[in-house]
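Colleague:
Numbering (my numbering), first residue to last: 611 to 744.
Below you can see the structure in the form of structure tokens.
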């Protein structure tokens, strides 16, 4: 059993700040835990815009605080996301999130991330893996 608090993660290698300066993420469960998914608490900052495309991952996002506009680049649809709203990127949709306030969400990724990922120039997380123990 693993028990871990967000306080335990603060300012460790699991506390990732984007090079873009638009978000930070506390990586609670990672690939090295070998449970088939990763779990993060992510905050996207008010007034920013982050374009993403998880070409290598499926992501589920549950908003727990704040509000944001979500644009699906595949369909052209725009959605208002507020606490209690979930969105699932089950089709690897390119999307943009525009937080109106600091936007805190809980995210689940499959395959799990290693914790080292940041979005590349296309908004993609690379598919990184952990070395096999042996």
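All C-beta atoms, glycine included, are put in the ideal place defined by N, C-alpha and C. Just so we're clear, the structure is a prediction, and the values are computed from it rather than from any experiment.
#1: Residues in the same chain with beta-carbon distance under 6 Å from residue 704, minus the five sequence neighbours each way, listed in chain order, please.
#2: Shortest alpha-carbon distance to residue 679 belongs to which of 613, 637 and 713?
#3: Given that a residue counts as buried once 16 or more other Cβ atoms are within 10 Å of its Cβ, and exposed if not, what is residue 615?
#4: Note down, in chain order, each residue of its chain lying with its Cβ closer than 6 Å to the Cβ of residue 619, except the 5 sequence neighbours on either side.
#5: Tell me the DSSP secondary structure of residue 618 in three-state form.
#6: Reducing DSSP to helix, strand and coil, say where residue 555 ends up.
#7: Using only CA atoms, which one of 710, 668, 633 and 630 lies nearest to residue 657?
#8: Could you check what DSSP says for residue 720 in three-state terms: helix, strand or coil?
#9: Let me know the secondary structure DSSP gives residue 712 once reduced to three states.
#10: Candidates 649, 654 and 719: which alpha carbon is nearest residue 629's?
Modeller: The structure says:
#1: 663 and 683
#2: 713
#3: exposed
#4: 625 and 636
#5: helix
#6: Outside the displayed span of the chain (611 to 744) sits residue 555, for which this structure offers no information.
#7: 710
#8: strand
#9: coil
#10: 654
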